[in-house]
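Working notes for the structure below.
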Amino acid sequence: MAVFQAALVNEIEKLYKKKKALVAVLLALAVIVIGQLAIVGVRSGFGLRGAGSVEFPMLVLSVVVNTILPLFTALVAIDSFSGEFSQNSMRITLTRPVSRFKIFTAKITAIALFILAMLFLLLFFSMLAGFIFNTNSATWVSVFQTVFSYIVSLLPMLVLALGVVLLANTFKNGISVFFVAILLFIGLKVLGVLFSQYSSLFMTTQLDWYNLFLINSFPLGKIIRQFLIMLGSCIMLFTAGFYLFDKKEF
Amino acid sequence: MKFNKKTAMLVSFTLGTLLVATTALADIASKSGYDQLKDALKVTAQQCSEKFDSYTMDLSIEVKDNGKTLESSDSTQKYDRSKPASENINSGSGNQNNGAKQYSYSDKTSMISWQDNDPTYYVSEYTNPEERQAGFFSNPFKESSADDFEKIADAVVGSLKDQVVVTENSDGSLGLAGSLTEVQIPALVNAVVSLQLKQQFNGNRKDMPHLTKDVFVKEVKGTAKVNKDGVMESILGTAVLSGKDEQGTVHEVSVEALATLSEINSTTVTKPDLTGKKVVENITNENPSSEMSNPEKFMGKFKNDILIEKDNKFVKVGERFVEITQIDNKTAAGRYYEVYKPGFEEYATAQRDFKFAAKKSEQQGNPIYDITTESMNTGKGIIYFDQNGGKINFNINPLSNGGLQFDSNFSPDLD
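Chain order of the listed sequences is B and Z. Residue numbers for the first sequence follow the working numbering, so the first one is 138 and each next one is one higher. Residue numbers for the second sequence follow the working numbering, so the first one is 5 and each next one is one higher.
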């Protein structure tokens with residue numbers, strides 16, 4: 138366990154030192170600022186309320202889970218694998234007395250922590266902006282729902298990250314991984330709209346699954362099904378990704 | 005060790021795949037409440053247009069502002085497909101029709117309408133009954149564009165599909181319910197709908213509160229009852245719009261709509277007894293675009309005035325005439341000429357007087373005739389016979405000349 142911890146700390150430090158993480162944070166803040174400006178504009182321009190203090194974080198979430206969050210998750214995941222393959226720094230990582238499984242897991246955990254950190258950051262700042270600039274519409278229940286929605290969004294993001302990791306271990310070039318990932322993402326999105334009755338098959342539809350938790354009647358069956366689909370995808374993609382990573386020669 | 009790792013990987017990969025496959029299949033197979041709602045609507049529309057002999061549809065709408073009723077309306081429609089005949093009763097408060105009940109009855113050959121506060125019965129007789137069958141309820145899902153609309157609706161509804169909750173009762177009937185509060189309504193949808201509603205309320209009604217600030221859709225909810233045959237018996241929808249007026253008072257405008265389907269196969273539609281009633285009768289051809297049943301009525305002279313603008317006044321300088329000398333359902337012939345009043349001959353520089361022949365245009369059903377004149381230099385034109393208005397529309401290019409706007413509408417010259 139101590140070995141794994143060391144590997145994890147190592148991975149987090151690598152991630153933290155990279156500019157990409159900082160850019161991601163800045164972009165996330167920019168989304169909040171632009172969103173808030175848009176709301177203020179709509180309010181004074183059209184006389185609409187736009188979004189209340191609680192709806193604003195939800196609005197931000199609905200935008201970021203489909204745009205910058207998957208984008209930066211993919212970038213970070215690609216960097217963590219393809220980047221190190223091409224810079225040959227993976228060799229250094231592998232020469233340490235840590236099994237490949239632990240290295241792989243540490244990398245995935247670091248990515249998951251990155252996603253979680255991003256979500257919390259977005260949650261904090263969008264709530265702050267929501268309370269400062271918007272009409273107060275908060276109740277304890279709705280605040281709890283908002284926080285919960287942000288937390289559960291981690292799971293579909295993780296599936297996405299594992300998918301990108303699998304791609305990163307399949308293709309050599311980081312750029313081609315990035316483009317394939319984006320094309321797949323858009324393709325799945327389009328398929329999800331065209332074949333909405335089969336939408337649960339496409340991983341991108343689960344990005345919005347936090348909506349299920351907001352429903353008054355709480356559709357437990359649906360939530361469990363979606364959870365199991367994502368869990369299954371996680372196991373499948375993790376195993377496939379690790380298989381390729383394990384076989385790789387450097 | 006090596007073997008163990010491989011097995012473990014194989015097992016976990018298979019497990020993951022199976023998990024995804026089975027739950028995804030289960031998810032596809034399970035019908036969301038939204039799908040059941042859609043099915044119920046489809047079944048109802050299909051049964052109403054094809055199977056039920058008679059039924060009553062009722063729709064009532066109420067608009068409230070902070071609990072005070074601003075407007076309400078109720079409309080009952082009874083259909084008897086075996087006759088076929090239908091009856092319509094409309095009533096409403098608010099600024100329309102002062103609360104009086106309006107009735108109308110219609111079958112293949114006639115339409116009768118009357119009102120509570122008016123003893124007169126208005127009767128229209130139709131000359132072409134075979135074209136009136138379509139006036140009854142037709143299945144909207146049978147339209148060619150219905151599939152596309154359904155796809156679009158599915159995409160728009162998207163993740164809200166699971167908001168519809170289904171409860172099954174012991175007798176096989178279903179209860180559907182759904183409610184969306186402000187957090188659940190996507191912000192973009194909320195903004196677009198609020199803007200739309202705000203403009204609708206503010207634009208055309210005086211008694212509606214004038215919402216100017218902080219307008220948003222607060223809540224949308226609905227319930228529906230589906231009987232054991234899958235037919236929707238009632239659907240109730242409520243939407244609440246909140247906003248502030250110029251004085252800063254908060255208004256909650258709610259719109260409630262209730263639609264019911266009742267008396268299936270037991271509705272009777274009776275033609276009102278007109279004996280001893282004051283009756284205003286007219287014979288119309290419901291569909292003006294259909295073939296004329298008695299084109300001879302258009303024989304004779306039609307005219308309109310030639311006007312000029314002089315000293316800020318319209319001055320009549322003469323008359324245009326179209327004289328139809330021959331007409332049937334395929335061809336027509338006649339003469340067009342202009343007569344100027346004494347003293348205005350100076351305007352008659354290009355006084356026209358020509359004969360024309362016309363042939364029914366290819367356009368299906370329309371009583372439009374293509375004109376050919378003896379001297380083709382006046383160009384081609386069309387005549388349209390307006391059967392309901394008893395007018396003709398004579399358009400030939402180019403007929404307008406300096407300062408005098410050509411008026412193509414001709415009324416019968418009955419003097």
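Note that beta-carbon positions come from the ideal geometry of N, C-alpha and C, so glycine has one too. Every value quoted in this text rests on a predicted model; they were computed, and no experiment measured them.
Counting only C-beta atoms, is Q188 of chain Z closer than 8 Å to chain C at any point? Absent from the structure: chain C. Protein chains present are B and Z.
Can a CB atom of chain B be found closer than 8 Å to the CB of S293 of chain Z? Taking the second sequence and counting its residues from 1, the one referred to as residue 293 of chain Z is at position 289. Residue confidence is low: S293 of chain Z scores 49 on pLDDT, short of 50, so the model does not pin down where it sits. Its coordinate-derived value is still stated next. Output row for S293 of chain Z: interface = no.
According to the Cβ coordinates, are V302 of chain B and A188 of chain B closer than 8 Å? The sequence position of residue 302 of chain B within the first sequence is 165, counting from 1. The sequence position of residue 188 of chain B within the first sequence is 51, counting from 1. The answer is no: Cβ separation not under 8 Å.
Closest to D120 of chain Z by CA distance: which of Z:S95, Z:S128 and Z:S114 is it? To locate residue 120 of chain Z, count along the second sequence from 1; it is residue 116. With distances taken between Cα atoms, D120 of chain Z lies closest to Z:S95.
Using a Cβ-Cβ cut-off of 8 Å, state whether S16 of chain Z counts as contacting chain B. As a working mapping, residue 16 of chain Z is identified with position 12 in the second sequence. S16 of chain Z counts as touching chain B.
Can a CB atom of chain Z be found closer than 8 Å to the CB of N353 of chain B? In the first sequence, counting from the first residue as 1, residue 353 of chain B sits at position 216. N353 of chain B counts as touching chain Z.
Rounded to a whole number of angstroms, what is the C-alpha to C-alpha distance between L22 of chain Z and G234 of chain Z? Position 18 of the second sequence, counted from the first residue, corresponds to residue 22 of chain Z. Position 230 of the second sequence, counted from the first residue, corresponds to residue 234 of chain Z. Taking the straight line joining both Cα atoms gives about 35 Å.
Bridge partner(s) assigned by DSSP for F220 of chain Z: As a working note, residue 220 of chain Z is residue 216 in the second sequence. In the DSSP output, where bridge partners are listed per residue, F220 of chain Z has Z:S246.
Hey, out of Z:A30, Z:T60 and Z:L180, whose CA is closest to T272 of chain Z's CA? Along the second sequence, one-based indexing puts residue 272 of chain Z at 268. Among Z:A30, Z:T60 and Z:L180, the Cα nearest to that of T272 of chain Z is on Z:T60.
Indicate whether at least one CB of chain B lies closer than 8 Å to the CB of Q251 of chain Z. Residue numbering aside, residue 251 of chain Z sits at position 247 when the second sequence is read from its first letter. Closer than 8 Å: no.
Among the residues of its own chain, which have a CB less than 8 Å from the CB of D166 of chain Z, if the five just before and after it don't count? Here residue 166 of chain Z is taken as the residue at index 162 of the second sequence, counted from 1. Excluding sequence neighbours, D166 of chain Z sits near S36, G37 and Y38.
What residue does the alpha helix (DSSP H) around R228 of chain B start on, and which one ends it? Taking the first sequence and counting its residues from 1, one reaches residue 228 of chain B at position 91. Its alpha helix (DSSP H) spans residues S226 to T232.
Reduced DSSP secondary structure (H/G/I, E/B, other) of L164 of chain Z: Position 160 of the second sequence, counting from 1, holds the residue named residue 164 of chain Z. Helix.
So, helix, strand or coil for E349 of chain Z, using DSSP? The sequence position of residue 349 of chain Z within the second sequence is 345, counting from 1. E349 of chain Z falls in the helix class under three-state DSSP.
Got a sec? Which residues, its chain only, sit under 7 Å from M367 of chain B by beta carbon, not counting five neighbours each side? Within the first sequence, the letter at position 230 stands for residue 367 of chain B. Closer than 7 Å at Cβ, skipping near neighbours: L292, P293, V296 and Q343.
Taking only three categories from DSSP, how would you classify L278 of chain Z? In the second sequence, counting from the first residue as 1, residue 278 of chain Z sits at position 274. Three-state DSSP puts L278 of chain Z in coil, outside helix and strand.
Check each candidate in Z:K307, Z:K202 and Z:V47 and name the one with the smallest Cα separation from K232 of chain Z. Numbered from 1 along the second sequence, position 228 holds the residue referred to as residue 232 of chain Z. Comparing Cα positions, the closest option is Z:V47.
Three or more C-beta pairs below 8 Å linking the segment 303-318 of chain B and the segment 204-214 of chain B: yes
List the residues of chain B whose Cβ lies closer than 9 Å to the Cβ of S212 of chain Z, in chain order. As a position in the second sequence, residue 212 of chain Z is number 208, starting the count at 1. The question names Ser, but residue 212 of chain Z is Met in the sequence shown. Simply none; closest approach about 15 Å.
Could you please give the first and the last residue of the uninterrupted beta strand (DSSP E) stretch that includes A337 of chain Z? Sequence index remark: in the second sequence, residue 337 of chain Z carries index 333 (1-based). Counting along the chain, the beta strand (DSSP E) containing A337 of chain Z begins and ends at T335 to Y344.
Residue from Z:F325, Z:V326, Z:R324 and Z:D309 with nearest C-alpha to F318 of chain Z: Along the second sequence, one-based indexing puts residue 318 of chain Z at 314. Closest option to F318 of chain Z, Cα to Cα, is Z:D309.
Kindly confirm or deny that the segment 261-270 of chain Z and the segment 55-71 of chain Z touch, where touching means at least three C-beta pairs closer than 8 Å. yes
Over what stretch of residues does the alpha helix (DSSP H) that includes S263 of chain B continue unbroken? The sequence position of residue 263 of chain B within the first sequence is 126, counting from 1. R237 to F270 is the span of the alpha helix (DSSP H), which, as asked, contains S263 of chain B.
If you reduce the DSSP assignment to three classes, tell me which class R180 of chain B lands in. As a working note, residue 180 of chain B is residue 43 in the first sequence. Helix, per DSSP.
I'd like the list of long-range same chain contacts for G176 of chain Z, defined as Cβ closer than 6 Å, with 5 residues on each side in sequence excluded. In the second sequence, residue 176 of chain Z corresponds to position 172, counting from 1. Cβ within range, chain order: K232.
What's the C-alpha gap between F387 of chain B and Y347 of chain B? Residue numbering aside, residue 387 of chain B sits at position 250 when the first sequence is read from its first letter. Residue numbering aside, residue 347 of chain B sits at position 210 when the first sequence is read from its first letter. If I take the Cα positions, the gap works out to 41 Å.
Which value, in whole angstroms, describes the spacing of the CA atoms of L152 of chain B and S181 of chain B? Residue mapping note: residue 152 of chain B aligns to position 15 of the first sequence, counting from 1. Residue mapping note: residue 181 of chain B aligns to position 44 of the first sequence, counting from 1. Approximately 42 Å between the Cα atoms of the pair.
Hey, how far is the Cα of L374 of chain B from the Cα of P190 of chain Z? Your numbering for residue 374 of chain B matches position 237 in the first sequence. Your numbering for residue 190 of chain Z matches position 186 in the second sequence. Their Cα atoms are separated by approximately 31 Å.
Three or more C-beta pairs below 8 Å linking the segment 260-273 of chain B and the segment 322-340 of chain B: no
Taking three-plus beta-carbon pairs below 8 Å as touching, is the segment 272-281 of chain Z in contact with the segment 210-221 of chain Z? no
Cα-Cα separation, D417 of chain Z to A89 of chain Z: Numbered from 1 along the second sequence, position 413 holds the residue referred to as residue 417 of chain Z. Numbered from 1 along the second sequence, position 85 holds the residue referred to as residue 89 of chain Z. For D417 of chain Z and A89 of chain Z, the distance between alpha carbons rounds to 39 Å.
Counting Cβ pairs closer than 8 Å, one from the segment 188-202 of chain B and one from the segment 162-173 of chain B, do we hit at least three? yes
Can you pull out the residues from the segment 363-377 of chain B whose beta carbon lies closer than 9 Å to at least one beta carbon of chain Z? Q363, F364, L365, I366, M367, L368, G369, S370, C371, I372, M373, L374, F375, T376 and A377
Starting from Q200 of chain Z, find everything on chain B with Cβ-Cβ shorter than 7 Å and list it in chain order. Along the second sequence, read from residue 1 onward, the residue named residue 200 of chain Z stands at position 196. Near Q200 of chain Z there are no residues of chain B at all, since even the closest Cβ is about 10 Å away, more than 7 Å.
7 Å Cβ cut-off: residues of chain B touching L19 of chain Z: On the second sequence, position 15 is the one that residue 19 of chain Z refers to. I372, listed in chain order.
Any C-beta of chain B within less than 8 Å: which residues of the segment 218-233 of chain Z qualify? D218, V219 and F220
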